[in-house]
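In what follows, a single structure is set out as structure tokens and then discussed.
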Amino acid sequence: MDAPSYSNPGEYSFESVADPSRGAWIQYTDECESHDFEFTMAASGVYNFRFYVMDKTSGVYYMRVSTNIQVSDRAYPSVGDIVNAAVKKCSKETDGSDYEKALWLHDWLLQQLDYDHSLKWSSAESALTRKLGTCQAYESAYSKLLTAAGITNAETRDTYDGHTWNAMKLDGKWYQVDCTWDDTKDNYYNFDPTHLYFGLTDELMALAHNGHNKIYMASGYGTRSTSLADNYFVRNGDAAKWARAYADRIQKNLNAGKTKFEVSTDNASYPPSISGIQNGIIAYALNQMTWKAGSKKVTLRVAGASTKLSFTAKYTDTVKRVRIAFAPNGGRVSSGSKTVICGKTYGALPAPTRRGYTFAGWYTAKSGGSRIGSSSVVRTTRNQTLYARWKLVKYKIQYRLGKGTNSRSNPAGYTVRSRTIVLKKPVRKGYTFKGWYSDPKFKKKVTKIAAGSTGSRKLYARWVRK
Numbered sequence: 234m235d236a237p238s239y240s241n242p243g244e245y246s247f248e249s250v251a252d253p254s255r256g257a258w259i260q261y262t263d264e265c266e267s268h269d270f271e272f273t274m275a276a277s278g279v280y281n282f283r284f285y286v287m288d289k290t291s292g293v294y295y296m297r298v299s300t301n302i303q304v305s306d307r308a309y310p311s312v313g314d315i316v317n318a319a320v321k322k323c324s325k326e327t328d329g330s331d332y333e334k335a336l337w338l339h340d341w342l343l344q345q346l347d348y349d350h351s352l353k354w355s356s357a358e359s360a361l362t363r364k365l366g367t368c369q370a371y372e373s374a375y376s377k378l379l380t381a382a383g384i385t386n387a388e389t390r391d392t393y394d395g396h397t398w399n400a401m402k403l404d405g406k407w408y409q410v411d412c413t414w415d416d417t418k419d420n421y422y423n424f425d426p427t428h429l430y431f432g433l434t435d436e437l438m439a440l441a442h443n444g445h446n447k448i449y450m451a452s453g454y455g456t457r458s459t460s461l462a463d464n465y466f467v468r469n470g471d472a473a474k475w476a477r478a479y480a481d482r483i484q485k486n487l488n489a490g491k492t493k494f495e496v497s498t499d500n501a502s503y504p505p506s507i508s509g510i511q512n513g514i515i516a517y518a519l520n521q522m523t524w525k526a527g528s529k530k531v532t533l534r535v536a537g538a539s540t541k542l543s544f545t546a547k548y549t550d551t552v553k554r555v556r557i558a559f560a561p562n563g564g565r566v567s568s569g570s571k572t573v574i575c576g577k578t579y580g581a582l583p584a585p586t587r588r589g590y591t592f593a594g595w596y597t598a599k600s601g602g603s604r605i606g607s608s609s610v611v612r613t614t615r616n617q618t619l620y621a622r623w624k625l626v627k628y629k630i631q632y633r634l635g636k637g638t639n640s641r642s643n644p645a646g647y648t649v650r651s652r653t654i655v656l657k658k659p660v661r662k663g664y665t666f667k668g669w670y671s672d673p674k675f676k677k678k679v680t681k682i683a684a685g686s687t688g689s690r691k692l693y694a695r696w697v698r699k
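Residue numbers (the working numbering): 234 to 699.
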């Protein structure tokens, strides 16, 4: 006979209740007229039984009989009813997010059954009604729970290791979860072992089940799992706590400017498949953290292995440096540029010079703009040009007339931009004007002030009596 199979009422979608390769159904009897077989049906629904009459020696079947037995008993709810009741309770006790529902159903399932070390029971029916099951029972029951909760899921079957578990889609990303291996009472580690396999990447799951390497790397694999955002330890904060325990050791290497380094892990004594998974989760948490070394931002890439964490660091100066160019705008400046830091003050600025002008300050534009001083704060993040602003100097001309009267044509002052000034004669009764001089002893005669001249002047009139 075959192993009995079960279907929820009205569905006629049968799942083998037990492993077809194990149990009483594979024990053929010797030649006889009859054979008694006992089987306890544990849920409302339809059970299918298939019997054969055969020649065991030749392996020839002479007769096949298939029969269904309907069970309807409120004391023995169907698998579908059990699943729906669990999902209804889940909806009331969670926030309704896919992550919270998947976690609640995971934890609920682990309370419903124990692993069947006889390897006989292998279905959702056995998991939820007989409270026993192999990995196939865990996978099948969890799949039904996830489906009823509206969470996309698939089976991950590792034929290389003879194992199976679930893939589930949370927040648009696939994750691996092994309810069978989470159903443990071991407590040898510094974390909750009943959630070690909840929300793993393919790479981390393959540390526990090596055959999975061949599966997820194969072409056509449909549930590629690369995220740990909804990993149990990431979501509950343990991963960040574990990561912070390494912060000082990491910072010491960053302060030394190292671009590649390794840190030994605190769980190196754990079995490699255990420490490797935990360190992979720690590496993820470290990759989410912000790192600095002095004024430099550090982009840190971390990979976890069974006994160490490997780091690659890239340093970027967080100080935004801005080049300031000085445009003397007709004058001269000793320094053509300087580098300043955005958010800091400009500091000392050069003092330009221009013949015939006084410096009126640095501005952000040739005309208009804002005045910039040494205490001004650098607001721009781009290179900047500052323009010198000038004020034209008006020079005074003082005329020493010696009781004479000046010509109205002689100006009282001039600028560097004035045209050439030809000095006019003053008048004095009873005297003849003999010229203008720049000194009172009449040594240096002046007839004009040339265009482009600068400086205030005193001019002395020389007189000779008639």
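Each residue gets a CB set at the ideal place from its N, CA and C atoms; glycine is no exception.
Alpha carbon to alpha carbon, how far is residue i from residue j?
i                 : j                 : result
alanine 536       : phenylalanine 544 : 7 angstroms
alanine 251       : aspartate 411     : 20 angstroms
histidine 442     : glutamine 617     : 60 angstroms
glutamine 484     : leucine 582       : 38 angstroms
lysine 676        : tyrosine 670      : 7 angstroms
phenylalanine 247 : alanine 476       : 47 angstroms
serine 646        : lysine 627        : According to the sequence shown, residue 646 is glycine rather than serine. Those two C-alpha atoms are separated by around 6 angstroms.
threonine 523     : lysine 530        : 8 angstroms
valine 697        : arginine 690      : 23 angstroms
tyrosine 239      : alanine 439       : 32 angstroms
phenylalanine 282 : valine 316        : 24 angstroms
glutamine 455     : alanine 516       : Here residue 455 turns out to be glycine, not glutamine, going by the sequence shown. Rounded to whole angstroms, glycine 455 to alanine 516 spans 25 angstroms at the Cα level.
leucine 634       : lysine 658        : 10 angstroms
glycine 490       : threonine 578     : 28 angstroms
glutamine 511     : lysine 553        : 38 angstroms
threonine 653     : isoleucine 682    : 6 angstroms
serine 686        : tyrosine 548      : 57 angstroms
lysine 334        : serine 311        : 22 angstroms
isoleucine 507    : glutamate 326     : 31 angstroms
threonine 397     : arginine 390      : 4 angstroms
asparagine 643    : valine 611        : 50 angstroms
Count the other C-beta atoms from every protein chain shown that fall within 10 angstroms of the C-beta of residue i, then say buried if there are 16 or more, exposed otherwise.
i                 : result
glycine 509       : buried
asparagine 464    : buried
serine 640        : exposed
arginine 297      : exposed
serine 458        : buried
valine 555        : buried
aspartate 471     : buried
alanine 236       : buried
phenylalanine 431 : buried
alanine 318       : exposed
Which whole-angstrom value describes the C-beta separation of residue i and residue j, a residue pair presumed to lie in contact below a C-beta threshold of 8 angstroms?
i             : j             : result
threonine 413 : cysteine 368  : 4 angstroms
alanine 370   : leucine 336   : The Cβ separation is near 20 angstroms, so there is no contact.
valine 279    : proline 242   : 7 angstroms
alanine 276   : threonine 362 : 5 angstroms
leucine 403   : aspartate 331 : 5 angstroms
Anyone know if the C-beta pair for residue i and residue j falls short of 9 angstroms?
i              : j                 : result
serine 373     : serine 351        : no
leucine 365    : lysine 353        : yes
alanine 546    : threonine 492     : yes
glycine 589    : valine 649        : yes
tyrosine 348   : aspartate 416     : yes
tryptophan 407 : serine 460        : yes
asparagine 399 : alanine 381       : no
tryptophan 623 : phenylalanine 592 : yes
cysteine 575   : threonine 532     : no
(request) Could you say if the segment 615 to 632 and the segment 587 to 597 meet the contact criterion of at least three C-beta pairs nearer than 8 angstroms? (result) yes
(request) Kindly confirm or deny that the segment 466 to 482 and the segment 443 to 452 touch, where touching means at least three C-beta pairs closer than 8 angstroms. (result) no
(request) Answer yes if the segment 489 to 509 comes into contact with the segment 418 to 425, meaning at least three C-beta pairs across the two stretches below 8 angstroms, and no otherwise. (result) yes
(message) Between the segment 371 to 390 and the segment 299 to 310, can you find at least three pairs of beta-carbon atoms closer than 8 angstroms?
(response) no
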